[in-house]
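**Student:**
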Amino acid sequence: MDFLYNYIYYIGAFGLILIGLYILLVKHNLIKMIIGLSILETGVNLFIITLGYLDNGTAPIFSKENLESNMMVDPVPQALVLTAIVIGLAVLALALSLAIRLYDSFKTLNLKKIKEQKW
Amino acid sequence: MKEITYINPVLLIAVPLALAFIIPILKFVWEKSIKWIPVAGFLFDLIVSITLIPIVLQKNIIVKIGGTTTPFSINLVVGPAGLLLSIMISLAGFLVAIYALKYIQEGDKTKYHILFMLLLTGAIGVVLTGDIFNLFVFFEVLCISSYALVGYLGNRAGIESSIKYLIQGSIGSSLLLVGIGLIYGQYGTLNMADLAAQIKTADSISLFVPMFFMITGLGIEAAIFPLNSWLPDAHSSAPSSISAVLSGIAIEVGLYAMMRILFTIFAAESFMGFLLFLGVITLLIGEMSAFSQNNIKRMLAYSSIGQIGLIVFAFSIATASGLSGGFFQMISHTLNKALLFLATGFMIYRTGSMEISSFRGLGKKMPLTALFFTIGTFSIIGLPPFVGFASKFLIFKAALAKQELLFIILIAVIILTTVIEGAYFFRIIQTLYFKESDDKSSKQESAITALIPMFIFALLILILGIYPNWIMKFIHSAASELLNKMSYLRSVLG
Amino acid sequence: MILFYMMIFAFVGAFLIYFAGKSFPRIKEILAVVISFLLFLFVALLYGKDFQINYHNFLGFHLFLRINMFSWLFALTITFLGFLSIIFSLSYMKDKKNNAFYYMNMLFVNIAMLGIVLAGDLISFFIFWEIMSWSTFLLISYKKGSALPASMKYIIMSIIGSLSMLIGILYLYDLTDTTIISQLSHIIRFINKGDVIFVVILFSIAFGIKNAVIPFHNWLPPAHSEAPSPFSAILSGILIKMGVYGFLLLFYVIIGLDIIFHLTGLTIVLNVLAAITIIFPTFLAILQNDAKRLLAWSTVAQAGYIFMGITYGTELSVAGGIFHFLNHAIFKALMFLAVGAIEYRTKGIRDLNSLGGFIKKMPFTFAAMLIGAMGLIGLPLTNGFVSKWLIYKTLILNGSPFLAFAALIGTWGTILYSYKLIHNIFLGQLPAKFENIQKAPFSMKMPMMILSTIIIFFGILPGIPLQFINKIIVSFGYHPLNVSLFGIVSDSGNLNIINILAATFVIGVLIVLFFRSGRKSVRVDQYDNYAAGSFIPKEKYSYTNSFYAPLDRFLNSFLKDYIDIFYCKSAALIRHFCNGIRKIYTGYVGSYVMYILLFLAVLIFVQLNWSVF
Amino acid sequence: MNILLMILSAIISLVTGMFFLGLARKIMAMIHWRYGPPIYQPLIDVIRYFHQRAVSHGFIFDLGIIISLIGSLLVVFFLPLGNISSFSNSGGLLVILYILILSPLGLALSSGESANPNASIGISRKLILTLSYEFVLIIILLSLMSQYQTISLQEIVMLQARKVWSFASWKLILPGIAYLLILPAMLGFRPFEIAGASQEISAGPSVEFGGKYLALNTINHGLLHFITIALFVNLFLGGGDLFGIFDSISGTFWGSFVSLIIFLIKMILIFVISVFINAVFPRLRLEQATKYILYYPLSIAIVGLIIVVAIN
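Chains as they are written, first to last, in our numbering: chain A, 162 to 280; chain B, 76 to 569; chain C, 55 to 667; chain D, 5 to 316.
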C-alpha cells in the first residue's frame, strides 16, 4: 500500500501515457488517434507535474515568514507543463484542422484506408 | 581581460521570430513586401552568424537570459558547432526564401512565410540553446511549423502526409518530454552543462532509460532507421522549397540535438557502437528504398534518409576526425539536397509530374536547372571535385583510422550503398540528358529568382569541393567542441 | 608549376569550348583541335624532365603533380590519341546536335587521364580518376538509346572500383602516414605482408575494372560498342590502359620489385586471370556480329596480354607489356576509327552481317583497317609483333608454357576475328544499297594515316619506343634490355627486324616482278564469278552472314559471358530485394507507431536484461 | 654467303615443293591403279598457267596472293634445311609461328575480294580448321621450347643432333605423335581436305584463281607442303642428322650436302606416309575434324607438355 501511496501519481501518469500509446497503436480512426495523442500528452504533463509535487507543499512564493524551501512545490515543472500544454494545444488544433481537410479529401477518417503515401 | 564586442546572438533568434509575427500585420499595410521578409530576416542571421565566427573560434559565447547565475538561468551557448549549423540554417533559409519568391504561387502566402520563418527560427533555437527544455520548445516550434508546411498545398498527398507526420512527431515530442522529465526528476536541473557536470559517465539504468526516451524522441525527427517512416511522405508531399529545408536542415538539426545530448550530457561512449550499426542500417535502408523509386521527390527523400545514416555513422565513430566528417557531411548534405530539391521543384512545375520518366529531355529545355541538378547528384554521390567527395572522404578516412576489421566491413556496406546511390542518380541524369522527350515545346528555364539560389548552392558545392580547407578549421573546432565535454562545461559554468 | 598551369589551361579550355560552342558554333571545333594539339605539344616538350610540384592542399593532404619518363610516355600517348580522335570527330560529329557538350567532355576525359598519369600522390590520382569516370559516363551515354544501359554498367562498375581504391589509399595512408608516391615507395617496406596484399587487392579491383581483367570485364563490350567511335578509340586505346598505368604504379613504383614478387601466390593468381582474360574474350570476339562489339572483346583480350606482361614481372615481360600498351593504343584506336568511318558513311550500320565489299568504295579505310588488323594480330613488320614477341619469349623461357599457350592461341583467335572483321566489311559482295557510298572525308583519313604510319614505323624500328621503355623499366629497378634500333639482342634468341624486312622486301620485289611478267589479267565485276555452272544469287543473301557458322555452332553451346550473366542476375536480385525493403513503409500510421514503440522497447529491454551499453 | 644460302634454300624449297605435288599425284594414281601424270607435271602446269589469261577482282586480289607467297618463302629462310640456315638468328620459332600466319592470311584476303561464295566458305573453313590444329601445334612447339629452354629453332635442332637419335628425349615422343596426327590437317590432305574440297565448294579459296594466280597458288601450295614437313623433320627427326654418322664431316661443304640429302629423304618419307593416309581416308566434315583434333591430338599434346614441364 505504501508503494501505491507514494507512487500513485507516477502510476497514473504512466498509465495515461500507455493508454495514449495503446490508442495510437490500435485505433484506425483519426479522431480516436488524436484523442490518444491528447491522452498521451496529458499523461506526460501529469508526470512532469508529479516530479515537482510535494504533499501538502505550498506555492513557491515566500508569502509567509517561516516557509522553508523544502516545503515548497518545485516551480520549474509547472512552468514546463504550462509550456507543454500550450504546445499540446497547438498540436491538437493543427491535428483537428488537418482531420477536417483529410475528411474533405478522402471522405473517410479511417487511416487504414488512407494509404496513398507509401513505399 | 578585454571584452570583445559582438552582436548579441539572441538576435539570431529574436529577429526572425519578431519578423515572423510582423508578417501578418504587414499584410494589411503592404502585402507585396511580405515575401521579402524571410529574405531579409535570414540575410541578417547569416551576416550576424558569420561575424560571430572569429569570436566563437576563440571561446564559446554564453548568453544568459533571466538574470541569475548560470545553472538557474535560461541561456544560449554559441559554440562552433552551434554556430556552424546556424550559419547553414540561415544560409539555406536565405537562399530558399529567395527561391520561394517566385515558386510559391498558390495558397495563403502569408501563412507560408510565417511558418517558414518559424521553422528555421526553431531550428536556430535548437542549435544555440544550452538548456534541454528550451531545446524541446524550439523543437516543437520547428515541428509544428513543419507539420503545417507539409500540408501547405492542401492536396490529398500533403494532408495525408502531414497528419501522419503529426502523429509520429507528437509521439516523438512526448517521448522527449518524458525523457526530459526523468532527467529533471533525478538531477533537478535543465541546464545541459549542469547536467553534464553531474553525470560523469552513463552507467546506471536510471540514466539509460531517460536517454533512450530522448533518443527515440529526437530520433524521430532525425529520421534514424525504424523511426523515419514519416520522412518519405512528408518530404515528397511538401512544396519543394519546404522539402529542401526539411531535408537539408530539419533532420540535421534533429540529429545535432541528439548528438549534443549523447556527447555532452550523457557521454555515452558505449552507446556509440550501437549507433554505428544503426547509422549503417539507416543508410542501407534509405538507399535501397530509393533505388527503385519512380517518384523523384520520394527518391530524394529516401536518399536523405541514407545521408542521415551516413552522418550518424560518422558521428558514431566518436573521434575528432569522425565528428569533423559528420559535420562536413552535414554541410555537404544541406547544400546538395537543398540544391536537388530546388532544381526538382521547378522541373516538377514545368512537367507537372513527379515521375522521373516525365523528365525526359529536360536537359535541353531547362539547361541550367538540369546542370545544377547534375552538379547536385554528382556531389551527393561523392564524385570529385564536388563537396560530397570531400565529406565522404573525411568519413572514410576517419573510419579507417580506427584500424578495426569492423570498420572495414561497415565501410564495405557503405560502398555498396554508394553504388546503389550512383545507380539511381545516374539513371536520372540519363533521363534528363539522354532520353528524347515526346514533347517538342521550346526552352523554358526556371525563374531567375530560382536560378540564383541554385547557382549559389552549386557554386558553394564546387568551391567547397575544391577548397575544403577553407572551412576545415571551423569544422575541427566544432567537432572538438562536441566531443570534448569538459571544455564545454568549463565554458558554460565558468 | 608548368604542369599545374597546363592542367588549368586545359580545364579552362574545355569550359571555353562549351560556352563558345553555344554562341559561335564554328569556334568550338577549332578550339578543341587547338587545345588538344597544344596539350600534345606541351607534353612532348616535357621530355626527359623529372620533377614534382605541390599544387594544392586538400583536407591536409598535399597534392602533387610530377613528371618522369614513366608518366611522360603515358601522357604523350594520351594527348596524341586525344588530338587525333578530336580531329576525327570533326566530321564524325558534324551533323550531330549538341556537339559542344561532346567536345567538352572529350577534353575532360583527356585532361583527367593526363592528370592521372601526372599525379604525384594518390589523392590527386583518385580525384582525376573519378573525373575521368564521370566524364566517360557522359560520353558513353551520348548516343542515347542502347547506350544508356551500357553506360550504367560502366559507371556502376567504375564506382565500385574507385571506392575500393579510395579505401585502399586511405588504408595505406593509415599505415604509412603519407599518400605521396615518392615517399610511399620508401616507407612501404616497413609494412607487413598481409597489409600489402590487402592494399593490392583493393587497388586491383579498381585497376582490374578499368583494365577489364576477367571477372570485371563486363562493362567494356557494351560501353565500347555504344560510345561514339572516336571516343571508342580513346576508350579502348588509352582509357582502359589507365588500369595498366595503375598496376604499374602500384607494383613497380609504390610497392617495388623486391616486395611484390615475394607475395605468395599473388602473381600466380594475376597471371592466371590474365591468361583467362586472353582466351575467353578472344573466342567471344569471334562470335560477335557487331563490328564495334567485336573490337571491344578484342580489347579485353589484348588488355589481357598487357596485364600478363606487367604481372609476369621479368624485364622482358614488363617491357613487352608497356610496349604492347603503346601498340594497342595505336592499332586499336586505328581500327575503331576505321569502323567509325564506315559507321559514319553507312549512317550507323555496323552489323557485320549486312556489310560487305567496301574495299572498292573506301579503299583508304580498308588499308588502314588492314594495317591495324596486322598490328593487332602481330604480324612481323608491325608494332604488335615485337611486343607480343617479348611477352611470349619470357613466358616460354621462364617456364610458363601454359601461359604462353594462352597467349599464342589468343593470337590465332585474333586472326580469326580480325579476318572476319575485314572480310565482312570490306571483302565479299557489295550489297546494292551501298552502291553510292562515299569515301571517308579527309579529317577522318588524316588520323588514320598517321596511326597506320606509326604502326609500320614502330614495327620496323622497334628500337625507338623500346629505348623509352627501357628507361622506364630501369626506373622500376630492372636491368636494361639490350636494344638495338631494329630489335633486341639477348643470349636466348635474338630479334632482328631488319633481316625480316630485307628478306620481305627482296622476296616481295622478286615475286611482284615475276607476277607482272605473267600475262596481264582482266578486271571483272564482282558478280562475274565461277560457281560450277550454277547461278549465283544476287541480293538474296549475303554470305558474309554468319561467317564462322560451324565455329559458332560449336562454341555457342557453351561459350557465353557467364560473368556478365551472373552480374546481371545479381543486379536483378538486388533490385528485387530493394523493392521488397521499401515495403516496410506500409503507409499505415499504426505500424509506424509500432516501429517507434518497438525501438524504444527493445532498447530498454536489451539494456535491462543484458546491460549492453 | 648468307644471300647465297637464301637463294639456295629458296630454290630447294621451290623445287621440292613442286616435286611433292607431282609425287602426290603419282602415288595417288598408283594407288588407284593408274599411270598418272609425270612427276614434273605440276611444273608444266605452272608454266602453262602463267601464260593463260586470268581474271582479277581488284588490287587486293593481286596483292593477297603475293603476300601469301612472300609469307611462305620467308618461313623457308627461318627453317634450317639440314645444316643450311639463313635466318636462324632473327627471333626463332616465335617468328616462324607468326610468319606462318601470313600465307593463309594473304590467300584469304585475295580470295575474299573475289566475292565468290565458295571462296568465303572455304576461307572460313580453313581458318577454323587452322585454329583447331594450331592449338595442338602451339602446345607441341611449347613442349620443345620448354624442353630445351630456347626459342631458336636452330638451337633445338643442334641440341637434338648431339643426341644419338632424334627422338632423343622420350619426353618428346608424345608431342611427336600429336604432330603426326595433325600433319594431314596441316597439309590439307584427306581426311582434312575441308577447305579446298574440290567437289563440294570448287576448291574453296582458290576457286576464282586462274592463270598466273593459279600458278602462284600452286607454287604456294607446294611450299606449304615443304614447310610443314620440314618443320616436323627439324623438330622431331633431328633435321639433317642421321644417328650422328656423319658428324666427322660436319662443317665442311660435303657435310652440309650430306645433311641436306638426309633431310630431304626424311621429308619424302614423311610425305609419302601422308599421301597414303590421304588415299585411304574419306573426307571429314568440319565439325568432325575439329572435334577429332581437339580430342585426340590435343589431349596427347597436353599430356606431353605436362610431362615436359613436370620433369623440367
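Virtual Cβ for every residue (Gly too), placed ideally from N, Cα, C.
Since we're looking at a predicted model, the values are computed, not measured.
(1) So, are the CB atoms of C/Thr368 and C/Ala328 less than 8 Å apart?
(2) Taking 8 Å as the threshold (beta carbon to beta carbon), is C/Leu651 in contact with chain A?
(3) Check whether the Cβ atoms of B/Phe169 and B/Val114 lie closer than 8 Å to each other.
(4) Is there contact between the segment 289-306 of chain B and the segment 167-181 of chain B, where contact requires at least three CB pairs shorter than 8 Å?
(5) Can you list, in chain order, the residues of its chain with a C-beta nearer than 6 Å to that of D/Ser147? Leave out the 5 residues immediately preceding and following it.
(6) Going straight from the alpha carbon of D/Thr294 to that of C/Val87, what length do you get?
(7) Short of 8 Å in beta carbon distance, which residues of its chain neighbour D/Leu235, apart from the five on each side in sequence? Order them along the chain.
(8) Anyone know if the C-beta pair for B/Ile128 and B/Leu87 falls short of 8 Å?
(9) One question on the structure: do C/Ile431 and C/Ile469 come within less than 8 Å of each other, judged by their Cβ atoms?
(10) List the endpoints of the continuous beta strand (DSSP E) containing B/Lys139.
(11) List the residues of chain C that A/Leu272 touches, going by C-beta distances under 8 Å, in chain order.
(12) As an exercise, report each continuous beta strand (DSSP E) stretch of at least 3 residues that is fully enclosed by the segment 147-175 of chain C, in chain order.
(13) Please state if the CB of C/Ala383 and the CB of C/Leu135 are separated by a distance shorter than 8 Å.
(14) Just to make sure I have the definition right: I need the residues of chain B whose C-beta is within less than 7 Å of the C-beta of A/Thr269. Which are they?
(15) Which same chain residues end up closer than 6 Å to C/Ala277 when comparing Cβ atoms and leaving out the 5 residues on each side of it in sequence?
(16) My output table needs one value for A/Asp235: the three-state DSSP class, helix, strand or coil.
(17) Would C/Glu489 be called buried (16 or more neighbouring beta carbons within 10 Å of its own) or exposed?
(18) Spatial neighbours of D/Met271 within its chain, please: C-beta separation below 8 Å, excluding the five flanking residues on both sides.
(19) From D/Leu111 to C/Arg570, what does the alpha carbon distance come to, in whole angstroms?
(20) Output needed for C/Tyr646: all residues of its chain with C-beta closer than 7 Å, excluding positions within five of it in sequence on either side, in chain order.
(21) Do you know whose CA, among B/Val153, B/Lys102, B/Ile149 and B/Ile140, lies nearest B/Thr126's CA?
(22) Using only CA atoms, which one of A/Gly181, A/Ile172 and A/Leu191 lies nearest to A/Thr283?
(23) Do you know offhand how far C/Ile12's Cα is from C/Ser290's?
(24) Apply the 10 Å Cβ neighbour rule to B/Pro459 and answer buried if 16 or more other Cβ atoms are within range, or exposed otherwise.
(25) Could you tell me which residues DSSP pairs with C/Phe112 in its beta bridges?
(26) Taking 8 Å as the CB-CB limit, is B/Thr291 close to chain C?
(27) Roughly how many angstroms lie between the CA atoms of B/Leu94 and B/Ile189, to the nearest whole one?
(28) Can you grab the Cα-Cα spacing for the pair C/Asn122 / C/Ser239, in whole Å?
(29) In this structure, how does DSSP classify D/Asp49 when only helix, strand and coil are distinguished?
(30) Is the separation between the beta-carbon of B/Ser367 and that of A/Gln278 shorter than 8 Å?
(31) Does the Cβ of B/Ile570 have 16 or more other Cβ atoms within 10 Å, making it buried, or fewer, making it exposed?
(32) For C/Gly541, which beta-bridge partners are listed by DSSP?
(33) Starting from C/Glu397, find everything on chain B with Cβ-Cβ shorter than 7 Å and list it in chain order.
**Tutor:** Looking at the coordinates:
(1) With respect to C/Ala328, C/Thr368 sits apart: the two C-beta atoms are not nearer than 8 Å.
(2) Yes, its Cβ sits closer than 8 Å to a Cβ of chain A.
(3) Cβ atoms of B/Phe169 and B/Val114: closer than 8 Å.
(4) Put simply, the segment 289-306 of chain B does not touch the segment 167-181 of chain B. Fewer than three CB pairs are less than 8 Å apart.
(5) Here the set comprises Pro179, Gly308, Leu309 and Val312.
(6) Each residue's Cα considered, the two are about 51 Å apart.
(7) So the qualifying residues of the chain are Leu83 and Ile100.
(8) With a cutoff of 8 Å on beta-carbon distance, B/Ile128 and B/Leu87 are scored as not near each other.
(9) In this structure, C/Ile469 lies closer than 8 Å to C/Ile431 by Cβ.
(10) Taken as a continuous stretch (DSSP letters only), the beta strand (DSSP E) holding B/Lys139 covers Ile136 to Ile140.
(11) Neighbourhood of A/Leu272 in chain C, by CB distance below 8 Å: Tyr642, Val643 and Gly644, in chain order.
(12) Note on the segment 147-175 of chain C: there is no whole beta strand (DSSP E) run with a minimum of 3 residues.
(13) The Cβ-Cβ distance between C/Leu135 and C/Ala383 falls below 8 Å.
(14) Near A/Thr269 there are no residues of chain B at all, since even the closest Cβ is about 11 Å away, more than 7 Å.
(15) Only Ile194, Ala204 and Tyr208 meet the Cβ criterion.
(16) DSSP places A/Asp235 outside both helix and strand once states are collapsed to three, so it counts as coil.
(17) By the Cβ-count criterion, C/Glu489 is exposed, with fewer than 16 other Cβ atoms from all chains shown falling within 10 Å of its own Cβ.
(18) Short of 8 Å from the beta carbon of D/Met271, and not among the five residues preceding or following it, lie these beta carbons of its own chain, in chain order: Thr20, Phe230, Ile233, Ala234 and Val237.
(19) Rounded to the nearest whole angstrom, the CA to CA distance from D/Leu111 to C/Arg570 is 18 Å.
(20) Within the same chain, C/Tyr646 has no close Cβ partners at all.
(21) Just measuring C-alpha positions, the residue of B/Val153, B/Lys102, B/Ile149 and B/Ile140 sitting nearest B/Thr126 is B/Val153.
(22) With chain A represented from 162 up to 280, any question about residue 283 of chain A goes unanswered, as that position is not in the structure.
(23) In the structure displayed, chain C extends from 55 to 667; residue 12 of chain C sits before or after that span and is not available.
(24) By the neighbour-count rule (16 or more Cβ atoms within 10 Å), B/Pro459 is buried.
(25) C/Phe115.
(26) At least one chain C Cβ lies under 8 Å of B/Thr291.
(27) When the Cα atoms are used, B/Leu94 and B/Ile189 turn out to be separated by approximately 8 Å.
(28) Rounded to the nearest angstrom, the two C-alpha atoms are 15 Å apart.
(29) The three-state secondary structure of D/Asp49, taken from DSSP, is helix.
(30) No, these two residues do not count as a Cβ contact at 8 Å.
(31) Nothing about residue 570 of chain B can be read from this structure; chain B reaches only from 76 to 569.
(32) Within the DSSP secondary-structure output, C/Gly541 pairs in a beta bridge with C/Ser538 and C/Asn550.
(33) The premise fails here: C/Glu397 is roughly 19 Å from chain B at the closest Cβ pair, so nothing lies under 7 Å.
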